[in-house]
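Undergrad:
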Amino acid sequence: MGVLLSHTDDGELYREAYEEAQRIIRVSDEIRMSLERVSGEAKEAERNTLADSAGDVSKLTTSKLAKKLRLGTKELLEKLTAIGFLQLKEDKHYLSENGKAADGEFRMSKKFGPYFLWAESTQV
């Protein structure tokens, strides 16, 4: 259902309807931009929470350590398994005693699921 407004029949009504439509679009854009900003801030807060939960800021997740070492995450997991820091059971990685001795940690995040933390100085 719609309403037909003609500029030639009633110029003032047409102008007011046009201005109101523009106002609604502008407000809609402002709300969307505000939502995007809040979502971005929420993601940053989640990252900070992950870092804080690690306790030691010099520890990196497996993916960040892989990036630092210029490796893919999958490749780093394979190397950590090969040197005995991780064990592979039923297609899942588990932290071994050697991994714990090398300062590796297992963590669980409600949002991201399980992950490992490693000292920045971890060498593979």
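Take the sequence shown: its letter number 31 is residue 90 in my numbering, and every next letter is one higher.
Where a beta carbon is used, it is the ideal one built from N, C-alpha and C, also for glycine.
Fair warning: this is a prediction, and the values are worked out from it, not measured in the lab.
Does the Cβ-Cβ distance between serine 122 and threonine 132 come in under 7 Å?
TA: Looking up residue 122 in the sequence shown gives position 63. Looking up residue 132 in the sequence shown gives position 73. Contact flag set, yes.
Undergrad: Below 7 Å between beta carbons: does that hold for phenylalanine 144 and glycine 158?
TA: Here residue 144 refers to the residue found at position 85 when the sequence shown is read from its first residue. Here residue 158 refers to the residue found at position 99 when the sequence shown is read from its first residue. Contact: yes.
Undergrad: How is the beta strand (DSSP E) around glycine 61 delimited, first residue to last?
TA: Locating residue 61 in the sequence shown gives position 2, where the first residue counts as 1. Here glycine 61 belongs to no beta strand (DSSP E), and DSSP marks it neither H nor E.
Undergrad: At which residue ranges does the stretch 104 to 176 contain complete beta strand (DSSP E) runs of 3 or more residues, listed in the order of the chain?
TA: Correct list: 118 to 120, 145 to 148, 151 to 154, 164 to 168.
Undergrad: At the level of alpha carbons, what is the spacing between glutamate 134 and lysine 169?
TA: Translated into positions along the sequence shown, residue 134 becomes position 75. Translated into positions along the sequence shown, residue 169 becomes position 110. Cα to Cα, the separation comes out at about 25 Å.
Undergrad: Per DSSP, alanine 178 forms a beta bridge with which residues?
TA: The residue you call residue 178 lines up with position 119 of the sequence shown. Bridge partners of alanine 178: Lys118.
Undergrad: Between threonine 120 and tyrosine 77, is the Cβ-Cβ spacing less than 7 Å?
TA: Translated into the one-based positions of the sequence shown, residue 120 becomes position 61. Translated into the one-based positions of the sequence shown, residue 77 becomes position 18. Contact: no.
Undergrad: Hey, valine 183 and lysine 138: beta-carbon distance below 7 Å or not?
TA: Position 124 of the sequence shown, counted from the first residue, corresponds to residue 183. Position 79 of the sequence shown, counted from the first residue, corresponds to residue 138. Yes, the Cβ-Cβ distance between valine 183 and lysine 138 is below 7 Å.
Undergrad: Compute the beta-carbon to beta-carbon distance between phenylalanine 165 and leucine 154, rounded to the nearest angstrom, for a pair I have assumed lies under 8 Å.
TA: To locate residue 165, count along the sequence shown from 1; it is residue 106. To locate residue 154, count along the sequence shown from 1; it is residue 95. Between leucine 154 and phenylalanine 165 the Cβ distance is about 5 Å, and since that is below 8 Å, they are a contact.
Undergrad: Using the C-alpha atoms, what's the distance from leucine 72 back to valine 62?
TA: Taking the sequence shown and counting its residues from 1, the one referred to as residue 62 is at position 3. Taking the sequence shown and counting its residues from 1, the one referred to as residue 72 is at position 13. So the two alpha carbons sit approximately 12 Å from each other.
Undergrad: Quick one: what does DSSP say valine 86 is sitting in, helix, strand or coil?
TA: Numbered from 1 along the sequence shown, position 27 holds the residue referred to as residue 86. Helix at valine 86.
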